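Sequence positions in the sequence shown follow this note's numbering and run 1462 to 1726.
No residue lacks a Cβ here, since even glycine has one placed at the ideal position from N, Cα and C.
Quick caveat: nothing in here was measured; it's all calculated off a predicted structure.
To keep things clear, I will list the structure first and then write my remarks on it.
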Amino acid sequence: MKNNPLELRTVNVTRYITPLREGGSLPALAEADDDFKYVLKFRGAGHGVKALIAELLGGEIARTLGLKVPELVFANLDEAFGRSEGDEEIQDLLKGSRGLNLALHFLSGALTFDPVVTQVDEKLASKIVWLDSFTTNIDRTVKNTNMLMWHKELWLIDHGATFYFHHSWDNWEKAATSPFPYIKDHVLLPQASAVNVINSELIALLPNEKLREITNLIPSDWLQWEGIEMNSEEIREVYYQFLLMRRNNANNFVKQIQDAREKLV
């Protein structure tokens, strides 16, 4: 029996509630036509659609590995949206983000993860450290954990800093097979003692077909890049090949994790 293809819902943003200024790309709390609230990430912000692609891929890979991530949805901004916004910076952001954006379901009442207060067991910590090495996530540190506690469970948020190779787009093959030295700063590295044990388990959860499904989620509209002589499907294929190579060379970054942990002792 074949699994249904992976899909994301699409919602229309109906109300801009407030900016979340702790985020560098100025995300916002917004409401959509399904009456749910979302943390909205804008295509017109900072790193543009590349940050949305990173958020999409990083979040759905985390979910595939069995980790808790708020539901991701495509969020459409109508041309008329935001005309009444008084803040000029926000109005410019909204104007530059017309069309398809990305949003995460808002976890009302969630608390920022504090490693001093909450102890994470070694298997969960190892899975998260493995994920962030696989996706080259430079942004889950003590200063910025990008994790929430919600209903006594750990949830992962904000994967916009993953796959940083795509900001230069040079030598992506080398980036795919390289270790990940930034893992030394990971907030959960001290607890990640089971990375070698769970490595095979996580690799098995990312077969070729699943990686293809995940990269097929990227809207073609987000793959129209200036300054690159590749069409949208060729760019999509690079993401897919990057993930394949990254998975097939997982031992490289697993060894880096182990080496980084030894230096903590």
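Note on geometry: alpha-carbon atoms of L1666 and A1541 lie some 42 Å from one another. The segment 1622–1634 and the segment 1514–1522 touch, with three or more beta-carbon pairs separated by less than 8 Å. At the C-beta level, I1675 and W1630 stay beyond 9 Å of one another.
In the DSSP annotation of this structure, the continuous segment of the alpha helix (DSSP H) that includes M1706 starts and ends at 1693–1709. In the three-state reduction of the DSSP assignment, W1633 falls in the helix class. Taking the C-beta atoms as reference points, A1489 is found no nearer than 9 Å to F1535. The three-state reading of DSSP puts G1560 in strand, counting E and B together. Residue nearest to L1649 within the set G1509, N1669, V1581 is V1581 (criterion: CA-CA distance). Relative to the Cα of F1714, the nearest Cα in the group I1618, L1568, N1598 belongs to N1598. K1584 is the residue among F1703, K1584, L1684, I1696 whose C-alpha sits nearest the C-alpha of V1656.
As DSSP reads the structure, E1540 sits in no beta bridge. The shortest C-alpha to C-alpha distance from K1613 to any of N1632, N1605, R1673, L1572 is the one to L1572.
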